[in-house]
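Take a look at the structure below.
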Amino acid sequence: MPADPSTTSILPLVAILVSMLVVPAILLSGRRPNLREGWTFAAAGVKFVCVLLLLPAALRGASTSLTLFELAPGVGLSLVADPLGVYFALVASGLWIVTSVYSIGYMRGHGEKKQTRFFASFALSLSATLGVAFAGNLLTFILFYELLTLATYPLVVHKESPQALRSARMYLAYALTAGLLLVVAAGWIFARTGTLDFAPGGIIAEGVFSDGELKVLFMLLITGVGVKAGIMPLHSWLPAAMVAPTPVSALLHAVAVVKSGAFGILRVVGFIFGPALMSGQGLDVILAGFAGATILLASIIALRQDNLKKRLAYSTIGHLSYIALGAALLAPGALTGSILHLSAHAVMKITLFFCAGAIQVHAHRSEISSFNGLGRAMPWTFGAFAIGSLGLAGIPPVNGFISKWWLCLGSLESGRDIALGVFLLSGLLNAAYFFPIVIRAFFLPPDAAGDAHPVRGEASPWMVAPLCVTATLAVVFGLFPDFPLPFFELAKGIVQSIVAGSSPSPAG
Amino acid sequence: MSSHLPLPVLLTFFGAALFMPLAGLVHRRAPWVVAVAGSLLAGGFALFGLLHVAGHGEVRYSVGNWDPPFGIELVADPLSVFMLVVLAVIAAATLIHSREPVEREVAARPALYYASALIMLGGFAGIVSTGDLFNLYVFLEIAALASYALLGANGPRSAVAAFRYLILGTIGASFYLIGVGFIFIETGSLNIADVRAIIEVVGLTVPIGVGAAFMVAGIAVKFALVPFHQWLPDAYTEAPSSSTALVAPIGTKVAAYVLIRLMLDLFPGERIESALHLREILGVLGAIGILWGSIMAIPQTNLKRMLAYSSVAQVGYIALGIGLGTAYGLIGAVLHILNHACMKSCLFLVSSNLETKGRGVKIGDFDASLRRDMPVSSAAFAVAALSMIGLPPTAGFFSKWYLLLGSYEEGRWFFIATIIASSLLNAVYFFRILERMYLGGGDEPARRERTRGAALLATPAAALAVGLLLLGFGNAYLVSEFIFPIVSGP
Numbered sequence: 001m002p003a004d005p006s007t008t009s010i011l012p013l014v015a016i017l018v019s020m021l022v023v024p025a026i027l028l029s030g031r032r033p034n035l036r037e038g039w040t041f042a043a044a045g046v047k048f049v050c051v052l053l054l055l056p057a058a059l060r061g062a063s064t065s066l067t068l069f070e071l072a073p074g075v076g077l078s079l080v081a082d083p084l085g086v087y088f089a090l091v092a093s094g095l096w097i098v099t100s101v102y103s104i105g106y107m108r109g110h111g112e113k114k115q116t117r118f119f120a121s122f123a124l125s126l127s128a129t130l131g132v133a134f135a136g137n138l139l140t141f142i143l144f145y146e147l148l149t150l151a152t153y154p155l156v157v158h159k160e161s162p163q164a165l166r167s168a169r170m171y172l173a174y175a176l177t178a179g180l181l182l183v184v185a186a187g188w189i190f191a192r193t194g195t196l197d198f199a200p201g202g203i204i205a206e207g208v209f210s211d212g213e214l215k216v217l218f219m220l221l222i223t224g225v226g227v228k229a230g231i232m233p234l235h236s237w238l239p240a241a242m243v244a245p246t247p248v249s250a251l252l253h254a255v256a257v258v259k260s261g262a263f264g265i266l267r268v269v270g271f272i273f274g275p276a277l278m279s280g281q282g283l284d285v286i287l288a289g290f291a292g293a294t295i296l297l298a299s300i301i302a303l304r305q306d307n308l309k310k311r312l313a314y315s316t317i318g319h320l321s322y323i324a325l326g327a328a329l330l331a332p333g334a335l336t337g338s339i340l341h342l343s344a345h346a347v348m349k350i351t352l353f354f355c356a357g358a359i360q361v362h363a364h365r366s367e368i369s370s371f372n373g374l375g376r377a378m379p380w381t382f383g384a385f386a387i388g389s390l391g392l393a394g395i396p397p398v399n400g401f402i403s404k405w406w407l408c409l410g411s412l413e414s415g416r417d418i419a420l421g422v423f424l425l426s427g428l429l430n431a432a433y434f435f436p437i438v439i440r441a442f443f444l445p446p447d448a449a450g451d452a453h454p455v456r457g458e459a460s461p462w463m464v465a466p467l468c469v470t471a472t473l474a475v476v477f478g479l480f481p482d483f484p485l486p487f488f489e490l491a492k493g494i495v496q497s498i499v500a501g502s503s504p505s506p507a508g
Numbered sequence: 001m002s003s004h005l006p007l008p009v010l011l012t013f014f015g016a017a018l019f020m021p022l023a024g025l026v027h028r029r030a031p032w033v034v035a036v037a038g039s040l041l042a043g044g045f046a047l048f049g050l051l052h053v054a055g056h057g058e059v060r061y062s063v064g065n066w067d068p069p070f071g072i073e074l075v076a077d078p079l080s081v082f083m084l085v086v087l088a089v090i091a092a093a094t095l096i097h098s099r100e101p102v103e104r105e106v107a108a109r110p111a112l113y114y115a116s117a118l119i120m121l122g123g124f125a126g127i128v129s130t131g132d133l134f135n136l137y138v139f140l141e142i143a144a145l146a147s148y149a150l151l152g153a154n155g156p157r158s159a160v161a162a163f164r165y166l167i168l169g170t171i172g173a174s175f176y177l178i179g180v181g182f183i184f185i186e187t188g189s190l191n192i193a194d195v196r197a198i199i200e201v202v203g204l205t206v207p208i209g210v211g212a213a214f215m216v217a218g219i220a221v222k223f224a225l226v227p228f229h230q231w232l233p234d235a236y237t238e239a240p241s242s243s244t245a246l247v248a249p250i251g252t253k254v255a256a257y258v259l260i261r262l263m264l265d266l267f268p269g270e271r272i273e274s275a276l277h278l279r280e281i282l283g284v285l286g287a288i289g290i291l292w293g294s295i296m297a298i299p300q301t302n303l304k305r306m307l308a309y310s311s312v313a314q315v316g317y318i319a320l321g322i323g324l325g326t327a328y329g330l331i332g333a334v335l336h337i338l339n340h341a342c343m344k345s346c347l348f349l350v351s352s353n354l355e356t357k358g359r360g361v362k363i364g365d366f367d368a369s370l371r372r373d374m375p376v377s378s379a380a381f382a383v384a385a386l387s388m389i390g391l392p393p394t395a396g397f398f399s400k401w402y403l404l405l406g407s408y409e410e411g412r413w414f415f416i417a418t419i420i421a422s423s424l425l426n427a428v429y430f431f432r433i434l435e436r437m438y439l440g441g442g443d444e445p446a447r448r449e450r451t452r453g454a455a456l457l458a459t460p461a462a463a464l465a466v467g468l469l470l471l472g473f474g475n476a477y478l479v480s481e482f483i484f485p486i487v488s489g490p
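As C-alpha cells, then:
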C-alpha cells in the first residue's frame with residue numbers, strides 16, 4: 001500500500017477550538033438565553049462543517065495533521081485527523097447539532113437552573129471530545145481525555161443534590177484514576193520506545209518489553225480507557241451519572257464520553273499494540289474475556305432496572321463492550337463491526353435517551369412500570385423508541401443490524417465461536433429488556449395513576465423533532481450504510497490500514 | 001554589567017532594604033513602592049542574567065577582586081540564574097499584592113516589615129549565587145533571621161511558631177556549618193569548585209563523608225523534608241498572610257537549590273553515593289514526605305495549614321527527583337521548583353486575599369458566595385488546584401511527567417506508585433474546596449462591594465494562574481533552553 005502523504009492544515013485545530021472559544025461568549029450572554037443558544041448552534045455548525053471538510057482526505061486513507069509545538073521534549077501537541085479520528089469526530093459533532101436542539105426543549109421544558117453553566121460545559125466537552133478524536137499521540141490523547149473529565153464534571157453535578165454530588169465524586173474518582181493510569185503507561189512506553197505517536201498496526205516493537213511487562217502495560221492502558229468505556233468492573237460511575245440532565249446522558253453518556261473510552265480501546269489495540277502483538281501475547285483473550293462478560297452481565301442487570309435511564313445506562317455498558325469485544329477479536333470483519341458499532345450505537349442510543357427525556361419532561365415519569373398506555377398519547381416518541389430498540393437488538397433494517405452482522409462474521413473469521421454466542425445471546429437479552437417497554441406503552445391500558453393524571457399529546461417539538469431525526473437516521477444508515485455519510489467505507493479503510501501496518505512486511 | 005552578573009540582583013534587594021527607614025518617613029505607602037520597585041528591578045536583572053547565561057555561558061565574579069579559592073566568588077551559572085528568576089518573580093507577585101494585607105496585619109511599621117522582606121530576599125539571592133560554602137552559610141543565616149521576623153509579626157501565636165522555626169532552623173544551619181568545618185579540615189578550601197577538584201584527588205575520606213552527611217541533614221531541616229518538617233505547618237499557619245505567601249513558595253525552594261548544588265557539584269559520582277547513599281535516602285524520604293504530607297493535608301480545617309502540609313508533600317517531589325539523580329529526575333526536580341513556587345504562591349495569595357477581605361481561612365466557611373464575590377481569585381485558585389493535582393496541560397503535570405520518566409529509567413516502581421497516589425490525594429483535598437466554592441448558590445448577581453486595592457489583590461494571583469498554563473505549554477522550551485544545561489553540566 002503506498003504511503004499516504006499527510007497534509008498539514010489547521011482544520012483539526014479549528015474543529016477542536018471552535019466550541020472552546022464560544023465558552024466565554026456563552027458565559028457572558030447568560031442573561032439572554034436565545035443569544036446564548038445561538039452561540040451553541042454556531043459552534044456546532046462550524047464544527048460539523050470542519051469535520052466534513054476533513055472527510056475527503058480521510059476517505060482516501062490520508063490524514064490531515066498539525067503539530068503545534070512540543071508538549072514535552074520528544075512529544076508534540078499533535079493533532080492528526082486520520083480516518084478513525086474523523087469517523088469518531090463525525091459522529092460526535094453531527095449528533096451535537098441534534099442534541100443542541102433537544103437541550104433547549106429539555107432544559108427550558110424542565111425549568112432547569114444554571115443553564116448557562118450547562119451550555120458552557122457542554123461546548124467545552126465537545127472540544128475535548130474532538131481533541132480525543134484528533135489526538136496524534138498518547139500524551140495529547142491524555143490531555144484531552146482529562147479535559148473531558150473536567151468539562152463533564154459540572155454536567156454530572158448539575159442538580160447539586162446530595163445524590164448528584166455523590167455521583168460526581170464517584171465519576172471524578174474513577175476518571176481521574178483512569179487518567180493517571182494512562183499517564184503511567186505513557187511514561188513507560190516513552191521511556192522504553194522514545195515515541196508515543198499512534199501508528200496503524202502499533203508502535204511497540206517485539207522485545208522492548210518483556211512478556212510480563214507487556215501484560216501489565218496492556219492492563220494499565222485498558223483500565224485507563226476502559227473506565228470511560230464502562231468495561232466491568234469499572235462501570236459503576238456510569239449508572240450513577242444518570243443523575244445528570246438527560247441531554248447529557250444522551251450525548252455524553254451514550255456518545256461522546258463513553259465512546260472516547262471505546263475509541264481509546266481501538267487506539268490501544270490498533271495503534272499502540274497492533275493485532276500481531278496482541279495475539280502473540282494473548283492480550284486479546286484478556287480483553288475479550290472482560291468485554292464478553294460485561295456484555296452478558298450488563299444485559300442481565302438491565303433486565304432488572306425499573307428506572308428507564310438506569311436501564312439505558314446498563315444497556316450502554318453492554319453495547320460499549322461490543323466495540324471492545326470486536327476489537328479484541330482482531331479479525332478484519334470484527335474490527336469493521338466494532339468501528340461501525342461506534343456510530344450505530346451512538347445514533348440508536350441517543351434516540352432512546354431523547355425519548356426517556358421527553359417522557360420525563362412531558363409525562364413526568366421515569367419508572368418503566370408507570371409507562372402503561374403512554375404510547376397512545378406520545379406515538380412519535382414511542383415509535384422512535386421502538387426503532388431504537390429494534391436496532392439495538394440487531395434486527396434489520398435498522399443500522400444496529402449491520403454492525404452486528406460484521407461482528408458476528410468477525411467472530412467466525414477469528415474462530416472464536418463463543419464470541420458469536422455472546423453476540424447472539426445479547427441480542428435476545430436486548431429484546432427482552434427493550435420490547436416490554438414498547439409493548440407496555442402501546443398495548444397495555446393506562447393504570448390507575450395514569451387515569452388520575454392523563455398525559456395528552458406529545459412533548460414540545462424541540463424534543464420530538466430531534467428524536468425523530470435520529471430514529472430516521474438509524475433506519476437510513478441501516479438501509480444505505482454509506483448514505484448520507486460514508487461510515488462503512490471509512491471503517492473498511494481504517495481496518496485495512498491497521499491490518500497492513502501490523503503485517504510483518506513493512507507496508508511502506 | 002554582565003561580568004558582575006549575580007551582584008546587581010543582590011545589591012538591588014539589599015539596597016532597597018537600606019532605603020526602607022527613609023521611605024517610611026516620606027509616606028505611609030512609600031515602603032511598599034520601594035519594595036515593589038526593588039523586586040521588579042531585581043527581576044529585570046535576573047531575567048537578563050538568565051538570557052545572558054543561556055547565550056554566553058556562566059559568569060564568575062570575584063568579590064573585591066580576591067581570586068578564588070581565597071576570595072569569595074559569585075557564580076551565575078544556569079542553575080543560579082534560574083533560581084534568581086524564580087525568586088524575583090515570586091517576590092514581585094507577592095510584594096505587589098502585599099499592600100492591603102500588610103496595612104491590615106502589621107499596620108504599625110510597614111517600613112520594618114518590608115525591610116525584613118527585602119533582606120530575606122537578598123539573603124536568598126545570595127545563597128543561590130555564591131560559589132563559597134561558608135558564604136552560603138552566612139546568607140542562610142541572614143535570610144533565616146529576616147524570615148523569623150516576617151513569620152512572627154502576627155501576634156503571640158505566630159511568635160511562638162516562629163520561635164520553634166528559629167530553633168529548628170538554627171539547628172539545621174549549625175549542622176550545615178559543622179559539615180562545612182569537616183570539609184574545610186580535609187580540603188583546606190571553601191570554594192565549591194575548588195573543594196570538588198580536591199575531593200576528586202584525595203578521594204572520599206572519613207571527614208568528607210561526615211561533612212557531607214552533616215551538610216545534607218542540616219539543609220534537609222530547612223527543606224522541611226520528612227521527618228524534619230514539623231516546624232513548617234505551624235510557622236506558615238500562624239504567620240501574617242503576606243509573609244506566608246512570600247516565604248512559603250521560595251523558602252523551601254532555596255534549600256532545594258542547596259541540595260541540588262551539593263549533590264550535583266560537590267558530591268557527584270557513584271563513589272560517594274555507594275558509600276553514603278545520600279541520594280537513596282533523599283529519594284525515599286521524599287517519597288514518604290509526598291505521602292505523609294498529602295495524607296495530613298486531607299483532614300485540615302484551616303486552608304493555610306492544608307496548603308502547608310501540601311508543601312511538605314511537594315518538597316518531597318523535589319527530593320525524589322534529586323534522589324533519582326538521572327537527567328530526567330533532575331529536570332523534574334528543577335522544573336518542580338519553578339512550578340511549585342508558582343502554584344503555591346498563587347494558592348497562598350488567594351488565601352491572603354480571603355483573610356484581607358475578612359473571609360477567614362476556615363475551609364468549613366467556604367461557600368458559593370466566594371465565587372460570586374471574588375471571581376478572579378476563585379478562578380486562580382481553581383487553576384492552581386488543578387495544577388497541584390497534576391492535570392495536563394497545567395504546569396504541575398509536566399514536573400510529574402519528568403519524574404515519572406526518571407523513575408522508569410531507574411526502575412523505581414515505589415516512586416511511580418507514590419506519584420500516582422499523591423495525585424489522587426491531592427484531588428481529594430482540593431476538590432473538597434472547589435466543590436464548596438463552585439457548587440450551591442443560585443444565579444443571583446454579585447454583590448458590588450468595593451474593597452480597597454481589590455485589583456492589587458487579585459491581579460498577581462490571576463497572573464500566576466495564567467503563568468501556570470503558559471508554563472505547562474512552554475515547558476518543552478524551558479527544559480531544553482534553560483534546565484537541560486543545568487543537569488548536563490557545562
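Going line by line, the protein sequences match chains S and E.
Sequential numbering of the first sequence, starting at 1, is according to this note's numbering.
Sequential numbering of the second sequence, starting at 1, is according to this note's numbering.
Positions of the beta carbon are idealized from the N, C-alpha and C atoms, including for glycine.
Please read these numbers as outputs of a predicted model, since none were measured by experiment.
For the 7 Å CB-CB criterion, S:Trp188 and E:Tyr408 form a contact. Put simply, the region 341–354 of chain E touches the region 455–468 of chain E. At least three CB pairs are less than 8 Å apart. Judged by DSSP secondary structure, S:Leu79 falls within the beta strand (DSSP E) whose first and last residues are 75–81. Neighbourhood of E:Ile420 in chain S, by CB distance below 9 Å: Thr177, Leu180, Leu181, Val183, Val184, in chain order. One finds Phe473, Gly474, Ala476, Tyr477 in chain E with Cβ atoms closer than 9 Å to the Cβ of S:Phe69, taken in chain order. Taking the Cα positions, S:Leu467 is about 14 Å away from S:Gly94. Rounded to whole angstroms, the Cβ separation of S:Gly357 and S:Ile272 is 37 Å, and the two are not in contact under 8 Å. Nearest Cα to E:His27 within the set E:Asn353, E:Tyr429, E:Pro110: E:Pro110. Straight-line measurement puts the Cα of S:Val208 at about 41 Å from the Cα of S:Ile301. In the three-state DSSP reduction, E:Glu186 falls in the helix class (H, G or I). Against chain S, a Cβ distance below 8 Å from E:Pro485 picks out nothing, because the smallest value is about 13 Å.
Here DSSP, grouped into helix, strand and coil, assigns S:Thr8 to strand. In the DSSP assignment, the residues bridged to E:Glu73 are E:Ser62. Counting C-beta pairs closer than 8 Å gives fewer than three between the region 330–338 of chain E and the region 416–428 of chain E, which falls short of the contact rule.
Along the region 387–411 of chain E, the positions whose C-beta sits under 7 Å from a C-beta of chain S are Leu391, Pro392, Pro393, Phe398, Trp401, Leu404, Leu405, Tyr408, Glu409, read in chain order. Residue-level contact by beta carbon holds for E:Ser423 and chain S, with a gap shorter than 7 Å.
Rounded to whole angstroms, the separation of the alpha carbons of E:Leu278 and E:Leu470 is 35 Å. Contact annotation: S:Ala331 and S:Glu213 have beta-carbon atoms that are not nearer than 7 Å. Taking a beta-carbon distance threshold of 7 Å, S:Gly383 does not count as an interface residue toward chain E. Burial state of S:Arg36 is buried, judged by a 10 Å Cβ sphere holding 16 or more other Cβ atoms. Taking the C-beta atoms as reference points, S:Pro446 is found nearer than 7 Å to S:Asn372. An exposed status is given to E:His56, since fewer than 16 other beta-carbon atoms sit within 10 Å of its beta-carbon.
Pairing S:Phe69 with S:Phe144, the inter-Cα distance amounts to about 16 Å. Listed by position along chain S, the residues whose Cβ is nearer than 7 Å to that of E:Phe431 are Leu172. In the DSSP assignment, S:Leu182 falls within the alpha helix (DSSP H) that extends over 162–193. With a threshold of 16 other beta carbon atoms within 10 Å, E:Asn475 meets it and is buried. Sixteen is the threshold: when 16 or more other Cβ atoms of the shown chains lie within 10 Å of the Cβ of S:Tyr314, as they do, the residue is buried. Our two residues, S:Thr246 and S:Leu312, have alpha carbons roughly 11 Å apart in a direct line. Within the region 77–94 of chain S, no residue has its Cβ closer than 7 Å to any Cβ of chain E. E:Pro393 is positioned such that its CB atom lies closer than 7 Å to that of E:Gly472.
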